[in-house]
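Numbering (this note's numbering), first residue to last: 237 to 609.
By construction, the Cβ of each residue, glycine as well, lies at the ideal position given by its N, Cα and C atoms.
Please read all numbers here as calculations on a predicted model, not as lab measurements.
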């Protein structure tokens with residue numbers, strides 16, 4: 237293992253480190269900042285792991301949560317650092333993950349497993365999640381990705397992009413792939429992930445997005461009743477995993493332009509960063525939000541086209557311009573006053589529909605989708 241450093245030094249050489257806890261005790265993943273101060277990034281229960289984006293001159297330590305004992309150190313290029321009851325070892329390269337088994341969670345939740353697969357994307361949940369929520373999630377992914385090009389879908393599939401459903405009586409970090417975030421603060425909120433979120437987006441280091449069961453079924457959603465969270469969080473997956481580098485740069489360019497032109501209120505969530513800009517406008521593209529505070533009122537596809545043409549072109553390129561909108565077949569009346577009336581038709585409510593079938597050329601068979609027009 238490389239020689240331990242006491243503090244970080246500047247570097248432009250990026251790397252990834254996978255920390256794996258195969259020991260008997262919970263561990264804390266800690267970065268030593270430029271002044272040598274310890275900054276906690278994740279908590280690893282036994283049989284869990286965490287992938288960390290970092291730099292080759294940034295040192296990391298692993299401490300036991302109960303005693304504070306340092307059980308591992310690492311600073312260097314891509315590696316997998318494993319802690320066992322016998323100590324820690326580092327191996328070059330970020331090896332494929334082995335997610336923890338559901339034996340680590342309460343038995344009344346049942347097994348955590350893939351409940352359905354659509355377009356090569358696994359939908360995962362504990363048995364306590366209603367089958368209806370799984371079906372709605374599958375249909376939403378089909379609708380959302382129906383206009384994507386084969387390359388986009390292929391990149392999502394190759395990265396093992398997946399969606400996890402958080403049970404209505406569970407919290408975000410009960411999802412095994414998010415368990416390392418338990419007790420940690422959100423980057424932009426003075427709250428923990430469990431206190432401030434009901435879902436997370438997927439990324440190259442953790443390709444599993446998540447959303448709450450209650451948000452999918454639209455039943456007793458006390459957190460995000462004004463929007464669909466799957467479309468927001470999987471929008472992050474599309475950007476971080478499915479896009480080309482050029483497309484991601486396009487989002488950054490559009491974000492910078494929108495900010496400089498004052499297209500959105502500077503304090504609205506869409507202007508938080510390029511990633512949230514994309515995810516919020518993805519919701520607007522599919523009209524899956526009734527909120528106007530997070531997007532400065534640009535909450536429909538037509539408004540995106542009229543007021544932010546640069547972003548509209550990117551959304552069109554990535555998702556296509558299919559007729560479906562979230563409120564066409566969501567499980568209950570969506571709180572968007574006047575939207576159904578303007579369309580001249582009532583909301584039909586969610587109905588089980590055939591899933592899209594991938595053709596030999598990688599496109600989705602439109603005949604296998606029941607579109608509401």
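| Query | Result |
| --- | --- |
| Proximal residues to residue 574 (C-beta, below 7 Å), its chain only, five neighbours per side dropped | Because the pLDDT of residue 574 is 40, which lies under 50, any placement of that residue in the model is unreliable, and the number read from its coordinates should be weighed accordingly. Nothing listed; no residue qualifies. |
| Segment contact, 8 Å Cβ cut-off, at least three pairs: the segment 481-490 with the segment 398-415 | no |
| Segments assigned beta strand (DSSP E), at least 3 residues, entirely inside the segment 307-380 | 315-320, 323-328, 348-354, 357-362 |
| Three-state class that DSSP yields for residue 251 in the structure shown | strand |
| Rounded C-alpha distance that separates residue 493 from residue 511 | 14 Å |
| For residue 276, the first and last residue of its enclosing beta strand (DSSP E) | 274-280 |
| CA-to-CA distance, residue 419 to residue 430, given in whole angstroms | 8 Å |
| Cβ-based burial, residue 328 [other Cβ within 10 Å; buried from 16] | exposed |
| Assumed close pair residue 465, residue 435 - CB separation to whole angstroms, cut-off 8 Å | 5 Å |
| Check whether residue 382 and residue 370 have beta carbons under 8 Å apart | no |
| Member of 286, 252, 491 whose CA lies at the smallest distance from the CA of residue 544 | 491 |
| Nonlocal neighbours in the same chain, by C-beta distance under 6 Å from residue 366, ignoring five residues either side | none |
| Local Cβ density within 10 Å of residue 587, reported as buried at 16 or more and exposed below that | Here residue 587 scores only 34 on pLDDT, less than 50, and its place in the model should not be relied on; the value that follows carries that caveat. Counting Cβ neighbours within 10 Å, residue 587 comes out exposed, since fewer than 16 surround it. |
| Residue 262 in three-state terms, based on DSSP | coil |
| Residue 536 burial status per 10 Å Cβ neighbour count (16 or more: buried) | buried |
| Given residue 408 as reference, the closest of 349, 448, 426 once Cα atoms are compared | 448 |
| Nearest-angstrom Cβ-Cβ length linking residue 272 and residue 242, presumed shorter than 8 Å | 5 Å |
| Residue interval of the beta strand (DSSP E) (run including residue 201) | This structure leaves residue 201 out entirely; the chain is present only between 237 and 609. |
| Exposure label - residue 542; buried when at least 16 CB within 10 Å | exposed |
| Rounded straight-line distance, which links the Cα of residue 500 to that of residue 347 | 44 Å |
| Rounded separation between residue 244 and residue 268 - CA only | 6 Å |
| Complete runs of the alpha helix (DSSP H) confined to the segment 395-436 [at least 4 residues] | 429-432 |
| Neighbourhood of residue 610 by C-beta, 8 Å cutoff - its chain only, sequence neighbours within 5 removed | The requested residue 610 is not part of the displayed model; the chain covers only 237 to 609. |
| In DSSP terms, what residue 257 is bridged to | 284, 319 |
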